[in-house]
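Working notes, structure below.
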Amino acid sequence: MLSRLNRLVAYALTPLFLLFFAGLSYAKEPTGSRPEGWNLLNLPVGVSSLSRNSYELHMILMWVCVAIGVVVFGIMFYSMIAHRKSLGREPATFHESTKVEMLWTIIPVLILVALAWPATTYLVERYDTDEADMDIKITGYQWKWQYEYLGEDVQFMSELSTPESAIYGDSPKSEFYLSEVSEPLVLPVGKKIRFLVTAKDVIHSWWVIDLGVKKDAIPGFVNETWVRIDEPGVYRGFCTELCGKGHAFMPIVVNAVPEDEYNGWLADKKVAVAAERELAKKTFTLDELMTKGEEAYNRSCAACHMGNGEGITGAFPALKGSAVALGAVETHMDVVINGVAGTGMQAFGGQLSEVDLAAIITYERNAWGNDMKDIVQPVDVLKFKQGQ
Amino acid sequence: MSTDSNYYVPEPSKLPVLMALALGTMALGAGMWVRDEGFGVLAVGFLIMSAVMYVWFSTVIKENMAGMTNPQVKRSFVWGMSWFIFSEVMFFAVFFSALFYIRTLSLPWLGGEGDKSDMINLVWPGFQAEWPLMVNPDQVVGGEKFIGPHENMGFPGWGKLFGWLPLWNTIILLTSSVTVHFAHHAMKHNNRSKFNLWLAITVLLGAIFLVVQYVEYHEAYVEMGLTLSSGIYGTTFFMLTGFHGFHVTLGTFMLFVQLIRGFKGHFGADDQFGFEATSWYWHFVDVVWLGLFIFVYVLG
Amino acid sequence: MAYGPEKGIGRWLFSTNHKDIGTMYLWFSFAMFLLGGFFAMVIRAELFEPGMQIVNPEFFNQMTTMHGLVMVFGAIMPSFVGLANWLIPMQIGAPDMALPRLNNLSFWILPFGFTLLASTLFMEGGAPNFGWTFYAPLSTTYAPSTVNFFIFGVHIIGASSIMGSINIIATVLNLRAPGMTLMKMPLFVWTWLITAFLLVAVMPVLAGTVTMMLMDINFGTSFFDAAGGGDPVLFQHVFWFFGHPEVYIIILPAFGVVSAVIPTFSRKPLFGYSSMVYATSAIAFLSFIVWAHHMFTVGMPLAGELYFMYATMLIAVPTGVKVFNWITTMFRGSLTFETPMLYAIAFIILFTIGGFTGLMMAMAPVDIQYHDTYFIVSHFHYVMVAGAVFAMTSGIYYWLPKWTGKMYNEAMGKAQFWVSFIGFNIAFFPQHFLGLAGMPRRYADYSLQFAEWNMVSSIGAFMYGAAQLFFLYNVISTIIAGKPAPQEKTWEGAEGLEWTLSSPPPYHSFTTPPQVK
Ligand code: HEA
Ligand code: HEA
Ligand code: CUA
Ligand SMILES: [Cu+2]
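From first to last, the protein sequence lines stand for chains A, B and C. Taken in order, the first sequence gives residues 1 to 388; the numbers are from the working numbering. Taken in order, the second sequence gives residues 389 to 688; the numbers are from the working numbering. Taken in order, the third sequence gives residues 689 to 1205; the numbers are from the working numbering.
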């Protein structure tokens, strides 16, 4: 009884498999809009020549595989159905044929040569980073990205903006749960943009599927890649190299805008940078610094030292009651600004503004029962930096 | 190829499981040791291992003397030893490959040459790739973790040729390969006293090599500022020569054991596998040194 | 050689018998399979829906890493060594393995090694959390200090593999029965000979790699640190020089099993024996020269990338030869579908699907989109679970009657197969979709658009996991209460020396070597 069941299931599954593969190809998505749920089946076409070429090659490969699969599995299922012992078949005795062996060596070779052709052209295209219109330096940190517009004196950090409570189910998840950032990378459409990708601590990998760009960020080395975005839109991506506990929590958002809009944004950004510098000269009260500090701490430090300042035993030290946070201000500033070489503790001096640094240090010295009562002003930070 | 019906299958033995225990203890102990948790466990593991190895080898020797190991069993030993040496070759290959990769690809990239981004100066402004590497990328940005040496181990020029220790070590090791061969030859002609003599000379040469290498390391650390942490040059230098030195130590010890066996009269014109295996090992160590001499010293 | 099995625990602890040691290997690997599978269940449970519910991200990474490590080094590799121990002496007409004491040592290292590895789960800092590929510097400078136990654990596990392989090589080359020329050996023996060669060649490379890590972590060297002139990518090169052959180490013995099962149930000799041998050798050779296809996004020079792309594509050719040969063996045979055959057929289908996705990934310009996504996860579970594990299961059902003298229950076997087969596909086919649509691997949590297929995948995974407990039940109930298996030939179409022995076979397989025509 069971063996008949077997046969039934086998017959049913043959077409099912082919259907699965066919399903992949059916889902040709319009560019831009995101497939979701059950419709999420295939590589998106994307919005650059790179992503389109990848997509095209992907489809070719898939159909070639489906075709080979139909032939190979077809023959196999034919045997399984027609050459069963229960039908009284006597086995044949042949077991060798140099001719067919040659045949099924040569045919795959030819198929592969045919496939290698487009693959080679597309790969060569990917390596052509010459004559870019602009350079963006992308630096991976545990667990955020830094973007520098080379030659423009504009740079900023971009980190996950989904609140922890949403991750742990204490508040609802928004539409772009884990795909939203504090500040997106803004890029002009139609320009050839060269990315210079590197990292400060461990290896990360910068991937935006719609742009067809994925490049590893290797600490100490600079990798080049490029893109020319064809359509304005918001494109979301992820870090794709395991980089520690926050690996799943350092997404990428690219906001591609028309060129004049981009220029306007850049000008505004420069103004904001200048204002920030100006702010560093101001003197703050303890309360102001504590409020600012808490916010900035939770954004930049809590990933490791935790919101309650208790860290993670064996990996990240507690700041609550730590000798550094309760010790000399200079040491404290030194650790935060210059980091601790060769550990997860980064040099935040180049990542955060003086105001944020001052606020965070003040906060750490006065939060969670740390009660130093001293205030670190942005000017102190500035002085410390210049004194080095 | 054919199997005799009396292929020796040893009886159940306590040795393997004790050896596994020793290795397990050593792994645990080594981990504790590098974590600064003391070396007691490591030492215990090492002791168990030494004891087990002693008994194990004695057992095998006894079995051999008792004639239990027929030629076919010996062929198994030959295969065993050959493939073990092959695995050692692969082990050294990794470190040599690392050296080649660093020298021909990644260092030039760090210096802005070759097929990689010319924007590397964003990370290491002003870093110059050279070999041997005297100034590390870390140093050009004011770091202190990896400080390059003031002097390196490369060829010092013809004038100082005879004060150049690696040259002497090459001569010593090459000679020792010849003397071990002479020993083998003597044993084949059943000339035991000659065998003992040549083998003793080989052991001595091995020991001298180690002393010279110790002197060299001392010089490197004390006078040249060349240490494990002086960047990739020190890293590759010490790892390659260090592992080689470790193998020479093992090889010398093994030869020494064979020498003792020689004195005890264990070997005969056609029964000398223990010695032969050791001599293959010794030749292998010698060949590795030649590679080192060329790629680490002469071209270094 | 008169001694028989000892009584009590000593039989196992002090064994020099290939069957006892083989049995220990098999049980050990199954225990590791359950452990690794348990880790996988934690992963799938956490990924059941978006948000962190069961574990935290830190622990999730430990689960992913331990799952990969335990499955690859603890479950699959030892299981095939166990099979080799049982079968190679019986298939070549030898009394035992060539170096029986070394054999026992190779086995007993494993429990120590894996206990050490697993004990890090309970230490401060936790278990390895840097992926089974342990890329530097996440695994060096940024690793918890328990990484040192991982390193030394890998050292001794590697030593065990090397010794086991040397033993297999010596056995195959030296202990064949008179008349059994190399080209008359069963394919399982051939695939293991080549596998053992691969192991001896690449395990030392792994040892060298972890040694470099050890030095970087504790002794100030800078192999993988650009600040000292090193290169993190160097790690990946040396790792994959080991890692790629490693995946063929996993699959070649599986090919051997399938090459035994398919002819038996087709009642027809294996088609193209010699081309199978050449194809296996070609795969082994190619496996040494394609490693950097795992590194298409690290920023290799164009020439390197092109080379590795072309070389990788070539592997499809000898692998194709094998697939075609199996199918031609079935063609015009007289087929029956007992459980081992069902598993073997499922192997061919699913492995080929996994091979196809492998070929797609070999194409560098698209792999840039596939790399480090669930598309890869799907690929390697198709070749490793539906490949290696299915073949292993097939082999167990196939030889269990020979080993124990007891026959498993066919209906139970078939039922177990179908639950596995369906569960497996529900678990891993949707991962293709997830990966293509952009879900990265090693993610503790994901965006909402990936929710549906992840849930499906988890359900399939639980189903597949339950099927493994079912398998355990089948094996144990066979051993305890199976009906006696037919003496000698259990299977009508089975060929080979092992079927000339009684079931269960004598303690010392062939005390007098048989004559092979
Ligand atoms: C058993 C293990 C196993 C096996 C057998 C394979 C087989 C193959 N693998 Fe796979 N692979 C893994 C285990 C395995 N792999 C693992 C574990 C990883 C991930 C590691 C990690 O990062 O953690 C991986 C990752 C991996 C990558 C890296 C992807 C990435 O990270 O970006 C690539 C890229 O080229 C690849 C390719 C291939 C190819 C071309 C084959 C080929 O051998 C397949 C050949 C087979 C066929 C092609 C099918 C049968 C052939 C025919 C029917 C003939 C006709 C066909 C044609 C002409 C098309 N594999
Ligand atoms: C041969 C090796 C092998 C095998 C057999 C498996 C088996 C399975 N693997 Fe595999 N897997 C790897 C090798 C393997 N894996 C590797 C190398 C990686 C990469 C790791 C890395 O990225 O570093 C990986 C990664 C990996 C991931 C990705 C994790 C991530 O990227 O974060 C996932 C996710 O679904 C997964 C799932 C599974 C499942 C469900 C099984 C199932 O087949 C397991 C089935 C077995 C059991 C379930 C055991 C039996 C049952 C019990 C013990 C009782 C409990 C049962 C229930 C509660 C139902 N694996
Ligand atoms: Cu950064 Cu993963
Ligand atoms: Cu590979």
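Even for Gly, the Cβ is constructed at its ideal location relative to N, Cα and C.
Give the DSSP-derived three-state secondary structure of histidine 204 (chain A) in the structure shown.
strand
At which residues does the beta strand (DSSP E) containing isoleucine 138 (chain A) begin and terminate?
134-141
Methionine 729 (chain B) to glycine 551 (chain B) span [Cα, whole Å]
Any answer about residue 729 (chain B) is impossible in this case: the structure gives chain B only from 389 up to 688.
Using three-state DSSP, classify proline 1194 (chain C) as helix, strand or coil.
coil
Are there any heavy atoms of ligand 2 lying less than 7 Å away from the beta-carbon of glycine 960 (chain C), as far as the coordinates show?
no
Can you tell me whether histidine 1069 (chain C) sits near ligand 2, meaning its C-beta is under 7 Å from at least one heavy atom of the ligand?
yes
With H, G and I counted as helix, E and B as strand and the rest as coil, what does DSSP make of methionine 1095 (chain C)?
strand
Would tyrosine 1031 (chain C) and tyrosine 1085 (chain C) be called neighbours here (beta carbons separated by less than 8 Å)?
yes
Would glycine 237 (chain A) be called buried (16 or more neighbouring beta carbons within 10 Å of its own) or exposed?
buried
Span of the alpha helix (DSSP H), counted from its first residue to its last, around glycine 468 (chain B)
459-489
Quick one: list the residues of chain A neighbouring tryptophan 497 (chain B), beta-carbon separation under 8 Å, in chain order.
From the beta-carbon of tryptophan 497 (chain B), the residues of chain A found nearer than 8 Å are Phe221.
Which residues of the region 899-929 of chain C have a Cβ closer than 9 Å to any Cβ of chain B? Give them in chain order.
Thr899, Met900, Leu902, Met903, Asp904, Ile905, Asn906, Phe907, Gly908, Thr909, Ser910, Phe911, Asp913, Ala914, Ala915, Gly916, Gly917, Gly918, Asp919, Val921, Leu922, His925, Val926, Phe929
Leaving out five residues on either side along the sequence, give the residues of the same chain with a beta carbon under 7 Å from the beta carbon of leucine 858 (chain C).
First, the amino acid is wrong: residue 858 (chain C) is alanine here, not leucine. Excluding sequence neighbours, alanine 858 (chain C) sits near Ala786, Leu787.
Check each candidate in B:Ser494, B:Ser485, B:Leu510 and name the one with the smallest Cα separation from aspartate 503 (chain B).
B:Ser494
Cα-Cα separation between aspartate 334 (chain A) and phenylalanine 348 (chain A), rounded to whole angstroms:
10 Å
Taking only three categories from DSSP, how would you classify glycine 944 (chain C)?
helix
Terminal residues of the beta strand (DSSP E) in which threonine 148 (chain A) lies:
With the sequence shown as reference, residue 148 (chain A) is identified as glutamate, and threonine is not the correct amino acid for it. Where glutamate 148 (chain A) is concerned, the enclosing beta strand (DSSP E) stretches over 144-149.
Let me confirm a value: lysine 99 (chain A) is counted as buried when at least 16 other C-beta atoms fall within 10 Å, else exposed. Which label applies?
The residue is exposed, with fewer than 16 neighbouring Cβ atoms inside 10 Å.
Any heavy atom of ligand 1 closer than 7 Å to the beta-carbon of proline 108 (chain A)?
True, at least one ligand heavy atom lies under 7 Å from that Cβ.
Would you identify the three-state DSSP class for serine 581 (chain B), choosing helix, strand or coil?
For serine 581 (chain B), the secondary structure class from DSSP, reduced to helix, strand or coil, is helix.
Ordered along the chain, which non-local residues of its own chain (more than five positions away) have a Cβ less than 7 Å from that of alanine 895 (chain C)?
Correct list, in chain order: His843, Gly846.
Return yes when the C-beta of cysteine 243 (chain A) is under 7 Å from any heavy atom of ligand 1, and no when it is not.
no
When the Cα of valine 686 (chain B) is compared with those of B:Lys462, B:Trp444, B:Asn540, B:Val523, which residue comes out closest?
B:Asn540
With 16 other Cβ atoms within 10 Å as the buried cut-off, status of leucine 40 (chain A)
The residue is buried, with at least 16 neighbouring Cβ atoms inside 10 Å.
What is the DSSP secondary structure of tyrosine 235 (chain A), counted as helix, strand or coil?
In the structure shown, the three-state DSSP call for tyrosine 235 (chain A) is strand.
For histidine 1059 (chain C), is the beta carbon positioned less than 7 Å from some heavy atom of ligand 3?
Incorrect: histidine 1059 (chain C) has no Cβ contact closer than 7 Å to ligand 3.
Beta-carbon proximity list for histidine 538 (chain B), same chain, < 7 Å, skipping 5 on both sides
Met612, Gly613
Beta carbons nearer than 8 Å to chain B: which residues of the region 197-212 of chain A have them?
Thr198
Please tell me whether glycine 514 (chain B) has its Cβ less than 8 Å away from any Cβ of chain A.
Output row for glycine 514 (chain B): interface = no.
Taking Cβ-Cβ distances below 9 Å as the criterion, which residues of the region 787-821 of chain C are in contact with chain A?
Met811, Glu812, Gly813, Gly814, Asn817, Phe818, Gly819, Thr821
Residues bridged to glycine 194 (chain A) by DSSP?
Contrary to the premise, residue 194 (chain A) reads as arginine rather than glycine in this sequence. DSSP lists A:Asp135, A:Trp226 as partners of arginine 194 (chain A).
Count the CB pairs spanning the region 1049-1057 of chain C and the region 48-55 of chain A that are closer than 8 Å, and state whether there are at least three.
The way I'd put it, the region 1049-1057 of chain C does touch the region 48-55 of chain A; three or more beta-carbon pairs between them come closer than 8 Å.
Going along the chain, which residues of the region 700-721 of chain C sit with their C-beta nearer than 7 Å to a C-beta in chain B?
Leu701, Phe702, Ser703, Thr704
Helix, strand or coil for arginine 84 (chain A) per DSSP?
In the structure shown, arginine 84 (chain A) falls within a strand segment according to DSSP collapsed to helix, strand and coil.
State yes or no: is the C-beta of histidine 932 (chain C) nearer than 7 Å to some heavy atom of ligand 4?
yes
Tell me whether asparagine 1113 (chain C) sits in a helix, a strand or coil according to DSSP, three-state version.
Looking at asparagine 1113 (chain C) - three-state DSSP - the assignment turns out to be helix.
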